[in-house]
Amino acid sequence: MKFLADNMLGRLATWLRLLGYDTAYLPDADDHALARVARAEDRVLLTRDVELTRRRGVRCLLIESEKVGEQLKQVMRALGLSTRHAFSRCAECNILLDAVSKETVQNAVPPYVFQTHERFLRCPRCQRVYWRGTHWARMLAQIEDLTR
Ligand SMILES: [Zn+2]
């Protein structure tokens, strides 16, 4: 399942990417362009705008809350999302991360992180390095809390 977040929902888009879901976010696109991209790329349009949900041929979910936690909970419940593929996608670029060897990231992560972790992932576009540290566990717990 792929998503397109409207320009009110940038933070929700980041969370969905962290969950591993392909989520486009086009903050400068107008309603017409959003509808066109959703149709062309078969994305569920997530929107706070009831007018947008009336566009023909676009699969939509009207997001009720202004709070990102509530928004994420609504999407996960309504569409049956899971945390199974969490942290497999770059939160900035929306593309899948590559597993990289520990040696290749030595200069890209803090020394403590390098010493205490064995597995690293890197975004092939922005080169940002991800590892499953304490913030990872905290975020996952937060997501599981939200969806309980
Ligand atoms: Zn990236």
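According to my numbering, the sequence shown holds residues 140 to 287 in order.
All residues carry an ideal CB built from backbone N, CA and C; glycine is no exception.
Is residue i near ligand 1 - that is, is its Cβ less than 7 Å away from at least one heavy atom of it?
{"i": "R156", "result": "no"}
{"i": "C265", "result": "yes"}
{"i": "C199", "result": "no"}
{"i": "E231", "result": "yes"}
Where does residue i fall in DSSP's three states?
{"i": "R216", "result": "helix"}
{"i": "A280", "result": "helix"}
{"i": "Y160", "result": "coil"}
{"i": "F226", "result": "coil"}
Give me the Cα-Cα distance between residue i and residue j, rounded to the nearest whole angstrom.
{"i": "G272", "j": "L211", "result": "22 Å"}
{"i": "G196", "j": "C262", "result": "33 Å"}
{"i": "I282", "j": "D169", "result": "30 Å"}
{"i": "T286", "j": "E203", "result": "16 Å"}
{"i": "A179", "j": "E205", "result": "28 Å"}
{"i": "C199", "j": "L151", "result": "15 Å"}
{"i": "A144", "j": "L185", "result": "5 Å"}
What residue range is occupied by the uninterrupted beta strand (DSSP E) comprising residue i?
{"i": "F142", "result": "K141 to A144"}
{"i": "T186", "result": "R182 to T186"}
Span of the alpha helix (DSSP H) holding residue i?
{"i": "D169", "result": "First-last for D169: undefined, no H or E at that position."}
Does the stretch 217 to 227 come close enough to the stretch 147 to 159 to have 3 or more Cβ pairs within less than 8 Å?
yes
Inter-stretch contact at 8 Å, needing at least 3 Cβ pairs: the stretch 252 to 260 / the stretch 181 to 199
No, the stretch 252 to 260 does not touch the stretch 181 to 199.
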